[in-house]
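Report on the structure given below.
Residue numbers (mature numbering (1 follows the signal peptide of the UniProt record, and there is no 0)): -23 to -1, 1 to 554.
Right under this line is the structure:
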């Protein structure tokens, strides 16, 4: 009897596929974003040991982009750019910090126009299911100023925060990595110096001072312990609309629950145009996979999680099998190469031939899968190697839905449809600007009438160990001193000849070295003039925990515990059958 839920699901999907396939209707949109998925994790991008048949079939029957670039190498800024079609620095999403607490006050401002907000005005039903990670509240725990409902999405089911180790029992805590940033050497030198000065009689350190210091250390350690203990309850919760329905959540079957939720949304809206953004929690740190997929991959828990995502993508493809739906499948940035479990297992993805991963602007950090599928409109089996961006989805959607491109702000994305359909051969992106937090890290230039793709780095992260392409000492690469090396002149690569960024060019090896850099610097100046000052959304003041903003479905005395999601009971019944 185990296959019964699958049969019922498939029948429901097939029925939906035959409903309302009216050629006169506006196109529907289903966007699927996998968290931290590496471009090298998919069979259609060259992986031969990890099975992703549904994603591969989507690529075979659609268009595959091989130089599809995330606008940022981290979750929040990349997602902000995807939704708005603008570099994240334009919406204040770039700084040296990231959202860790649900009770932070930063997020995507309501003033930003998302593609959901634009198509909603054209009669679309809109939903985001899965990870949000773009903020929740501003001034109190119920204002929901950054909630998906405030940014154009009619329906939301998912998590406000990203999925972390703390949300997965037995995986440790992301907070444990704080030890990597404690200046042990400076503290040790300071304490030893004080002791020596005291012994020599140069200064006097009283017992009272020593006792006070020990009390302070004890208080800090105790508060840290409380933070670790309460973190899952305060930050790992599922919302349906504005209501918390599970806190803390159980992650094992989340992908199946969210897939079921996506199906229900599309069934409810089969008679009107819809836009669904399915934002997977997998395959981010704190890996999980349901019982049906555990142990099926030769790549451990990471491979199991990828295979479960592939299963869900297959279901979503059946759901949108009629010719009136544009399906887009991608990742938010490259894989987290430094992710190692508390048991020493590698839990990060694979960048393929590309260098480095998440948090860097090397190709492995920003070159992501880009698959678009629309039977009868897009050619099957087409591969495009032109530079494209996840920001391009915004103008593409607006043009297809009949919405006007905003004229009161800079839109950095370009309509993909002419390129996808072969009406043009070249991308409209002559320059791409790669930010690492608020710093311009690198620039890509694809000159007209040339196959060259130049990329100049103004600074690069310091890898550890030095012969690696990751930052294992800090768990993720940083963009600030002393974790980077600045380059003058900038490092220069021609990606058309060296996509792995293995050998930087020099004036001796490239005659156009200085002329290329001159053009790039001029482009940087023009780009800088297009930037306007905006409030920073991820400053220390914005990301710090604020008790009055804490979402809680019961009470703090109960550690905000509740379970009232109908999907949980629905899944339990399926498993019993």
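Ideal Cβ positions, reconstructed from N, Cα and C, are used throughout, including at glycine.
Counting C-beta atoms within 10 angstroms of its own C-beta, residue 249 has fewer than 16 neighbours from the protein chains shown and is therefore classed as exposed. The continuous stretches of beta strand (DSSP E) do not include residue 491, which lies in the alpha helix (DSSP H) extending over residues 490 to 506. In the three-state scheme derived from DSSP, where H, G and I count as helix and E and B as strand, residue 271 is classed as coil. The segment 93 to 166 contains no complete alpha helix (DSSP H) run of 4 or more residues.
Between residue 271 and residue 281 a beta carbon distance of about 5 Å is seen, short of the 8 Å cut, so the two are scored as contacting. Residue range 184 to 212 is occupied by the alpha helix (DSSP H) that includes residue 185. Cβ-Cβ separation between residue 26 and residue 276: approximately 7 Å, consistent with a contact (criterion under 8 Å). Beta-carbon to beta-carbon, residue 31 and residue 360 are separated by about 19 Å, too far to satisfy the 8 Å threshold.
Here residue 350 carries a strand assignment [DSSP, helix/strand/coil]. Of the candidates 411, 443 and 446, the residue whose Cα lies closest to the Cα of residue 434 is 411. The beta carbon of residue 82 sits closer than 7 Å to those of 114, 115, 519, 523 and 526, all from its chain and outside the five residues before and after it, given in chain order.
Here residue 263 has 140, 141, 142, 144, 145 and 148 as same chain residues with Cβ atoms under 6 Å from its own Cβ, once five neighbours each way along the sequence are excluded. Inter-residue distance for residue 222 and residue 133 is about 12 Å (C-alpha atoms, whole angstroms). By the CB criterion at 7 Å, residue 307 and residue 347 fall inside the cutoff. According to DSSP, residue pairing for residue 438 in a beta bridge involves 461.
When only Cα atoms are considered, residue 111 and residue 18 end up about 26 Å apart. Close CB contacts of residue 441 within its chain, under the 6 Å cut and outside five residues either way in sequence, are with 448, 449 and 450 (chain order). Residue pairing for residue 433: DSSP places it in a beta bridge opposite 420 and 469.
Taking every protein chain shown into account, the CB of residue 45 has 16 or more other CB atoms within 10 angstroms, so this residue is buried. Assignment of beta-bridge partners to residue 448 by DSSP yields 441. Here the segment 328 to 348 makes no contact with the segment 79 to 97; the two share fewer than three CB pairs at distances below 8 Å.
When C-alpha distances from residue 511 are compared across 33, 259, 65 and 461, the shortest belongs to 65. With respect to the 7 Å criterion, residue 52 and residue 309 are classified as neighbours on the basis of their beta carbons. In this structure, residue 332 lies away from residue 311, with their beta-carbon atoms at least 7 Å apart.
From the listed residues 454, 54, 493 and 535, the smallest Cα separation to residue 341 is found for 454. The alpha carbon of residue 104 has as its nearest neighbour, out of 176, 63, 8 and 188, the alpha carbon of 8.
7 Å or more divides the Cβ of residue 13 from the Cβ of residue 350. Following the DSSP letters along the chain, one finds residue 235 inside the alpha helix (DSSP H) bounded by residues 231 to 245.
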